[in-house]
């Protein structure tokens, strides 16, 4: 997170109407991000970040959004548990892209950082 970035409670959204700007709760965006990531085959669940990072995540859910004050872009951090036997890099990349596509309909998305924290045995 750069000096010009910060965590916020609400993120401005350009409505497309000249001079009209509204905002959306970070919790709503986090829920959309979580839903998008969980749609990807191979993602078991969103997990809490490693202990060293846990204090930096407001929700404790493994999703953090940070807004760059200069550009207005939202940086997304996801911590995932993936299923054992999957191609980890492919699943992580697809989850990041799915989150980017989903959130881009509402906000300007900058970097999406995906960390694989754990593996789960496939469900039978």
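In the working numbering, the protein residues as written are 777 to 900.
Each residue gets a CB set at the ideal place from its N, CA and C atoms; glycine is no exception.
With DSSP collapsed to three states, give me the class of residue 896. strand
Look up residue 798 in the DSSP assignment and give the residues it is bridged to. 789
Same chain, Cβ closer than 7 Å to residue 802, neighbours up to 5 away in sequence not counted: 784, 785, 786, 787, 841
For residue 874, the first and last residue of its enclosing alpha helix (DSSP H): 864 to 880
Rounded straight-line distance, which links the Cα of residue 795 to that of residue 828: In this prediction, residue 828 has a pLDDT of 42, which is less than 50 and means its spatial position is unreliable; what the coordinates show is noted afterwards. Residue 828 and residue 795: Cα-Cα distance of roughly 42 Å.
If you measure from the CB of residue 892, is any heavy atom of the ligand ZN nearer than 6 Å? The ligand content of the structure shown is nil, which means the ligand ZN is not present either.
DSSP state of residue 824 mapped onto helix, strand, coil: coil
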